[in-house]
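Numbering of the sequence shown is given in our numbering, commencing with residue 1190 and proceeding in unit increments. For each residue, glycine too, the CB sits at the ideal point set by N, CA and C. Please read all numbers here as calculations on a predicted model, not as lab measurements.
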Amino acid sequence: MQARRVITIGAALAAGLLSVPIGLPAAAAPPPSPHGPRPQSVRNLPVADVRGAPVDTSPRVLTQPDGTALTVRAVGDGVSHGVETLDGYAVVQTPTGRWEYAAGRAANGKLKPSGKVVGRDRPAVGTAKHQRDVAATPTTTLVPAALNTGTQRTLVILVQFTNQASVGSTPAQWSGKYFGPGNSVRSYYQQASGNQLDFAPAAESSGTPNDGVVGWLTLPYAHPNFGGNFGAVVNGLLVEKQLTRDAILAADPYVNFASYDTNGDGNLQPSELHLTVIVAGYESSVFNSCGPSVWGHKSNLYGSYTPMVDNVWAGNLGYTQFGEWHRTCSTATWNNMATIGIMAHEIGHDLGWPDLYDTVPGGNNPDSSGIGAWSVMSGGSWGTVPGQNIGDSPVLPDAWSRSFQGWVTPTPVGASTTVMLRSASTSLDAVRLRDNPNGVDWAYGASGSGEYFLVENRQRTGFDAALPGCGLLVWHVDETRPGDNSANSDELRRLVDLEQADGLKQLDAPGQDGDSGDPFPGSTHNLAFTGATNPDSNLYSGAGSGVSMSLTNQACAPSMSATVAAVVGTAPENDGFATAQVLPGSSGNVTGTSVGATKESGEPDHAGNPGGASVWYSWTAPTSGKLTLSSAGSSFDTLMGVYQGSTVSALTERGSNDDENHASGVVTSRIADLAVTGGQVYRIAVDGFKDGVAAAEAGTVKVAWSFAATPPANDAFAAAQVWSGSSGSVTGTSLGATKESGEPDHAGNPGGASVWYSWTAPSSGKLTLSSAGSSFDTLMGVYQGTSVSALTLRASNDDEDNAGGLYTSKVTDLAVTGGQAYRIAVDGYQEGAAAAEAGAVKVAWSFAATPPEPSHFTPLTPARLLDTRSGVGAPKAAVAAGGTVSLKVAGLGGVPATGVGAVVLNVTVAQPSAAGFVTVWPAGEGRPVTSNLNFVKARTVPNLVVVKVGAGGFVDLYNSSGSTQLIADVMGWFPEGSDFTGVSPTRLLDTRSGNGTPQGPVPGGQAVSVDVTGRGGVPATGVGAVVLNVTVTGPTTSGYVTVWPHVQSRPATSNLNFSPGQTVPNLVIVKVGPDGLVDLFNSAGQTHLLADVMGWFPDGSEFTGLTPARLLDTRSGVGAPKAAVAAGGTVSLKVAGLGGVPATGVGAVVLNVTVAQPSAAGFVTVWPAGEGRPVTSNLNFVKAQTVPNLVVVKVGAGGFVDLYNSSGSTQLIADVMGWFPTP
């Protein structure tokens, strides 16, 4: 706590000390640390994975919805738990509240109901017992903790929530629970340690100062209610970790955390300050607990969850967390403030002890009780005596746990002797039977070496009052078990096992916590323990241990005597081929003896000498390479043989040696550089030289081994393994790999055992690499370059997710360039003086190509491609009736010669000799039964056409009747593969025949709706706009037609204008309504309507269709002065930023341009402002005629387009229909 700093929780929120999104808080970034960056790895930290407290396994009564009472028990702990019947069948509760037998697991690993009702039905034949949920749980690799003695400070933080206040406990009660006299955590560990460890309250200024308790503090969100689901995630955050982080931050104003960092390393060790968070609400480890709840546990924070308080990191090396209240909801059997048993158990983890019950579902005997209620690190945490609540009297730790801390130093016993052992609740007495030369060397992260027995006296006094019996307990300890929390999970070989005096081995079964038959002499009055009794004192290998114990007194007493012995047998454990000692790893040495060893029947002579006192070893080659063995340091003349085979009488020799260098007097053995194959098992015999009739020599045996792996083929940069393709995976090894001269440090670590890969990007995109599945802590680097000493780093990674114990590497979404080669190195993490890690390598890669940019519409300054009046693009002659002109469009007028999908043409009919129509379509395809222009005799008619480009870059134009001149001006083009898809013209609407709508003319003031999707080559979905050629024919009066997206309001614009009896076409680009329809409105009289589809644009395409909007009307002064445009006059029209068109980034607009009230015949040209006016036309008109035409025009300087009137005076109208972006 900083001086003169007082802050409330609300102020802490305002200051950014707590971050509170909806639901759960996010992990706020702490200030820079003078002690370096935030802890990101548990490497070399004395931390533990999540340790959930064991459940109370006492029988409980549940009630079915129909009133049937069921007697069941809970099994497991906070990590994996469940409910089963007393005969071992797992049961699950359905959503209706009914309890049914379990029938296997669902896909999520949870047990599923079978339909068989508990209490009414029997489980189905073949139903397995002891089934459990399989849940993913976070784990970490752990390392030894320091011995815990002296005074250690403890801070208890009480937190409540917006929806859950304290159930009823006070800070004073919690101070008493932890630090008071009587049944407190402090008193418990004083008795457990023989007053060598004292938990004292931390200094703090909350409530009663310096009573070790801060709170209650209200966190500004709802109770997370994660129960035993430690992996629960909300808003991307692990709720259990975030809760602890916020509790520490909330307590910071009241505590000077820096004062506890006594070693100054910037991290709070548990021995410097034990952190406990009490969570308002309920404790899930109580059977059938109420909610909201959490399951008591010990864990550690990491990465962004680790808060910095007063310039030190807190919680990253351990904390404990418990629910405030114990209550069984169904029966209210318990309804009290949490008891100390679960706290004593989880704080035991904080001190470095493992769970001593079965933590692994499945196994030889699923969910056994381990050592049951005989230790706080097993079921003894729930100890209780009459008049107390369950867990008020946790029993003391077992003798091994206390010796682990150094509180107890067991007296070693060899030869037979009588010992007097006082009660463990009042003394530190214990004896050790059998040698343990390396001391207590089991720890998290490292297996030990000893197998031995401990004996202690346990009486029902002090905290041991809740023991299930009394007498001498014999502990069988095997410190070779794995250095993790599964060490006591194999019922056939535990780290700490109780030799149950009654021989019934009930603790190996589920739901058994021990009974009065377990101690010696116990209820069965067992007075002897030897290699021939039940239980026996043999080692797990089956060999005799030489351990024995006998008692003369059958009564429990505060002091008990026994005669004990640990006489070494006549034969070493590895005398037999079948009991060979395993040599672990790539190098090491072991020491033992061959005194008492023999030669087995069928055993070969080693190194050509009969020998006769052999001991055996077994070693498995991790990969191919060279093995060197030596017996140097042994006390006698040795023989050595190396073999392969599974029986001693059928072995194949691989190497042998008598004397390493007999001439110099060295008579030990050495086999150098023996070629071995990865994965193969090799048997090594060390025997004593036999000379004549003398016995084989024997004595102290020392064997050293070292292995040099054959370097992998891709050890060197120049020999990188080549990958191909967009995805795949490879496996290999890095054993024997080296680091080359000039090779960079990968991911910032020196490494030293790298292998190389090479991959060439098939195109530009994103590359993802992962070494998940490798057997060691990997580093990864991605480079470009041609030599190992001149590489350019592109990406690197050390640990993908070190918080979950995953030390493999991952590089995600690395941008790569097509055709470029990338070099990938996978190395092993190197720490301190140790060699770089190495082992099996697995690398997977996946590549996602960058999708190509969509191609764009390119508007052009209009250019004339066809004029039969002057011989442009076709012979100089009118096109006869039924005649077709093939017009080359590719490579002309600004249109590229290749890659063109469609062109936009303004097609004009001039000087027709009879009424008719013109059809435009792709060359090489059949002429469609549609029209693009309709004309009458002597009338000049233009229309815009969007036509797909056909074979050879040509389009065809057909004249139906009489003779006529044809003119075509190109306005722009679409590339192949563009957003626009041209189709062969198809008729979607014809009111004359009833195509697309009921047959009959459309009355004035009414509209028809036409489905334009899923027809004529237009997809049913994903269509944003369509290109239609709309034609009016047979109108009874003058009027206009408006086309717009269905569902939207009809705009005040027009697409076609007509007179009585006139046939008028016009091209329309119209946005499609949400239901795939467009509407066509007839303003007056009656008329037939036709619509032919020419192409379509997809949703999200480069073309943006708009609801038509009027930008120009010289009749009313919209967009230009209110006046007719004079002959030779030009109107500059602003289009950018108006009518839905963006102000910038616009390449072209689609306008429906209309001429009204012309005083003479003429034409209109539309072109980009700022460019020269082209010699083309967009509309042709005669006096007094109203003529519309669609125009696609490139946007010119300043966002303007220009409109030119050739003759007479005329009114000009322009409605915007859509726009294209700048290419």
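In this structure residue 1714 is exposed. Its beta-carbon is surrounded by fewer than 16 other beta-carbon atoms within 10 angstroms. Note on residue 1594: 16 or more other CB atoms within 10 angstroms of its CB, so buried under the neighbour-count rule.
With contacts defined as CB atoms closer than 8 Å, residue 1623 and residue 1755 qualify as a contacting pair. For residue 1712 and residue 1663, the gap between their C-alpha atoms comes out near 15 Å. If you keep only unbroken beta strand (DSSP E) runs of at least 3 residues inside the region 1644-1692, you get 1660-1667 and 1685-1687.
Residues of the same chain with a CB within less than 6 Å of the CB of residue 2293, apart from the 5 flanking positions on each side, are 2407 and 2408 in chain order. Counting C-beta pairs with one atom in each stretch, the region 2390-2405 and the region 2345-2359 have three or more that are closer than 8 Å, which means they touch.
DSSP places residue 2181 in no alpha helix (DSSP H); its state is neither H nor E. If you look at residue 1945, you'll find it in the beta strand (DSSP E) that goes 1944-1949. Residue environment for residue 1681: exposed (fewer than 16 other C-beta atoms within 10 angstroms of its C-beta). Shortest Cα-Cα distance from residue 2299 to any of 1611, 2315, 2340 and 2277 involves 2340. The C-beta of residue 1487 has 16 or more other C-beta atoms within 10 Å across all chains shown, which makes the residue buried. Residue 2013 has its alpha-carbon roughly 53 Å from the corresponding atom of residue 2357. In the assembly as shown, residue 1743 is an exposed residue. Its beta-carbon has fewer than 16 other beta-carbons within 10 Å. Residue state for residue 1505 is assigned as coil, using DSSP reduced to three classes. Looking at 2124, 1538 and 1640, the one whose alpha-carbon comes closest to that of residue 2103 is 2124. With a cut-off of 8 Å on Cβ pairs, the region 2148-2156 is not in contact with the region 2280-2287, counting fewer than three such pairs. Assignment of beta-bridge partners to residue 1609 by DSSP yields 1750.
The three-state secondary structure of residue 2332, taken from DSSP, is coil. Closest in alpha carbon position to residue 1952, among 2234, 2189 and 2039, is 2039.
At the C-beta level, residue 1287 and residue 1312 stay beyond 8 Å of one another.
Check the Cα spacing between residue 1401 and each of 1546, 1305 and 1374: the tightest is with 1374. A residue is called buried once 16 or more other Cβ atoms fall within 10 Å of its Cβ, and residue 2188, having fewer, is exposed. Around the beta carbon of residue 1721, a 10 Å sphere encloses fewer than 16 other beta carbons of the protein chains shown; the residue is thus reported as exposed.
Between residue 2139 and residue 2172, the CB-CB gap reaches or exceeds 8 Å.
Taken in chain order, the complete beta strand (DSSP E) segments of 3 residues or longer contained in the region 2134-2195 are 2143-2148, 2154-2164 and 2170-2179.
Selection 1659, 1658, 1684 and 1656 evaluated against residue 1667 yields 1684 as nearest (Cα-Cα).
Restricting attention to 2201, 2202 and 2252, the CA atom closest to the CA of residue 2222 is found in 2252. Residue environment analysis places residue 2243 among the buried positions, since at least 16 neighbouring C-beta atoms fall within 10 angstroms of its C-beta.
Residue state for residue 1955 is assigned as strand, using DSSP reduced to three classes. When the beta-carbon positions are compared, residue 1923 and residue 1814 stay at least 8 Å from each other.
The three-state secondary structure of residue 1290, taken from DSSP, is strand. In terms of CA proximity to residue 2046, 2160 leads the group 1986, 2096 and 2160.
Per the C-alpha coordinates, the member of 1280, 1799 and 1940 positioned closest to residue 1878 is 1799. DSSP places residue 1462 in the coil class of the three-state scheme, outside both helix and strand. Cα atoms of residue 2203 and residue 2266: separation of roughly 11 Å, rounded to the nearest angstrom.
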